[in-house]
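Engineer:
Residue numbers (this note's numbering): 41 to 336.
Written out as structure tokens, the structure is:
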């Protein structure tokens, strides 16, 4: 049951959100977003063969010791696809980046080539120079942080305009159809589930897991929380699912570039908020608790 304080907080947030959206519409009309010019220029791998690209990948250096992203040429990096399906027909992350480049003005690395390998795909994309937002955040002023928040809100608004059709299954973007879904919302015990053939199948999965968790907690059958079902009231929209300070680059052009779209796909709009919230909480405790209840 909602408390008066919770209702006030919701109204306050809704009011602020409406103001932010109105300002976003006005500013976009006055100063339209434009795609970064660097994305429109030819790439330094355009004339290279796939064999040459694979050789460069073998001899390249990692951008970060804990990352699988390799600097390929001065203007590009190489990243292996992370799809969990056997014999995947395409690289879902590359599909997402292509869609974003075509339908939004969100600054993202442009896909320059996708090379099929034995077990996966090698995605060649633009190299975005600059520190991550995690690195520069402590140095930002309050107004700069507010600007970051407004910018990211604008990006999410654009993502929510990319809606799945009624027949499109939840999860990664693919010409193959249904794909295994990976999300922090599934928990740490098993962070991937599916594939789900439809939105209703995804809803049924979560509703069943909710009942399993409540049974494990021995909640009474007449407990009101048992009536709180999975919210599928809005269409599936494109969702990043891993928006955090490490996946945002402050480019040399001053823009905020969003990277690492490996978990992206079509999910309910509220998945983005929940995923961001969980990424900023104590992961071990939060994931462990939810995972054990789901998988008993």
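Virtual Cβ for every residue (Gly too), placed ideally from N, Cα, C. Source: prediction; values computed, not measured.
At a cut-off of 8 angstroms, is residue 116 close to the ligand GDP when judged by its beta-carbon and the heavy atoms of the ligand?
Structural biologist: Summarising the ligand content, the structure contains no ligands, and the ligand GDP is consequently not present.
Engineer: Would you call residue 234 buried or exposed, if buried means 16 or more other Cβ atoms sit within 10 Å of its Cβ?
Structural biologist: Under this definition residue 234 is a buried residue.
Engineer: Could you please give the first and the last residue of the uninterrupted beta strand (DSSP E) stretch that includes residue 307?
Structural biologist: Start and end: 305–307.
Engineer: Short of 7 angstroms in beta carbon distance, which residues of its chain neighbour residue 129, apart from the five on each side in sequence? Order them along the chain.
Structural biologist: Answer for residue 129: 214, 215 and 216, listed in chain order.
Engineer: Have a look at the DSSP bridge pairing and note the partners of residue 337.
Structural biologist: Here the chain has residues from 41 to 336 only, and residue 337 is not among them.
Engineer: Cβ of residue 164 within 9 angstroms of Cβ of residue 109?
Structural biologist: No; because the gap between Cβ atoms is not below 9 angstroms, this pair is not in contact.
Engineer: On the CB-based measure, 16 or more other CB atoms within 10 Å of its CB, does residue 302 come out buried or exposed?
Structural biologist: Burial call: buried.
Engineer: Mind checking which residues open and close the beta strand (DSSP E) that includes residue 146?
Structural biologist: Here residue 146 belongs to no beta strand (DSSP E), and DSSP marks it neither H nor E.
Engineer: Work out the CA separation of residue 104 and residue 124 for me, nearest whole Å.
Structural biologist: In a straight line, the C-alpha of residue 124 is about 23 angstroms away from that of residue 104.
Engineer: Expressed to the nearest angstrom, what Euclidean distance is found between the alpha-carbon atoms of residue 319 and residue 224?
Structural biologist: Each residue's alpha carbon lies about 8 angstroms from the other.
Engineer: Start and end of the beta strand (DSSP E) containing residue 168?
Structural biologist: Looking at the DSSP string, residue 168 is not in any beta strand (DSSP E), and its letter there is neither H nor E.
Engineer: Look at the Cβ atom of residue 194, then the Cβ atom of residue 64, and state whether they are nearer than 9 angstroms.
Structural biologist: A contact, by the Cβ cut-off of 9 angstroms.
Engineer: Taking one C-beta from the segment 165–185 and one from the segment 141–151 each time, how about it: are there three or more such pairs within less than 8 angstroms?
Structural biologist: Yes: the two stretches touch, three or more of their Cβ pairs being nearer than 8 angstroms.
Engineer: Tell me the DSSP secondary structure of residue 211 in three-state form.
Structural biologist: If DSSP states are grouped into helix, strand and coil, residue 211 belongs with the strands.
Engineer: Name the residue from 113, 66, 259 and 222 whose alpha carbon lies nearest to the alpha carbon of residue 132.
Structural biologist: The option with the nearest alpha carbon to residue 132 is 222.
Engineer: Does DSSP classify residue 120 as helix, strand or coil?
Structural biologist: Residue 120: strand per DSSP, three-state reduction.
Engineer: According to DSSP, what are the bridge partners of residue 101?
Structural biologist: Beta-bridge pairing links residue 101 to 111.
Engineer: Measuring alpha carbon to alpha carbon, tell me which of 241, 285 and 251 ends up nearest residue 177.
Structural biologist: Comparing Cα-Cα distances from residue 177 to each of 241, 285 and 251, the minimum goes to 285.
Engineer: Hey, residue 160 and residue 95: beta-carbon distance below 9 angstroms or not?
Structural biologist: Contact: no.
Engineer: Less than 8 angstroms between the CB atoms is what I'm expecting for residue 144 and residue 198, so what's the real figure, rounded?
Structural biologist: Going by Cβ atoms, the distance from residue 144 to residue 198 rounds to 4 angstroms, so yes, they are a contact pair.
Engineer: Apply the 10 Å Cβ neighbour rule to residue 277 and answer buried if 16 or more other Cβ atoms are within range, or exposed otherwise.
Structural biologist: Its Cβ being crowded by 16 or more others within 10 Å, residue 277 is buried.
Engineer: From which residue to which residue does the beta strand (DSSP E) around residue 151 run?
Structural biologist: First-last of the beta strand (DSSP E) with residue 151: 151–156.
Engineer: Is residue 84 closer than 9 angstroms to residue 115 when the C-beta atoms are compared?
Structural biologist: Yes, these two residues count as a Cβ contact at 9 angstroms.
Engineer: Considering residue 85, what are the terminal residues of the alpha helix (DSSP H) in which it resides?
Structural biologist: Premise fails: residue 85 is in no alpha helix (DSSP H) and is neither H nor E.
Engineer: Could you tell me which of 62, 112, 93 and 184 sits nearest to residue 101, measuring between CA atoms?
Structural biologist: Per the Cα distances, 112.
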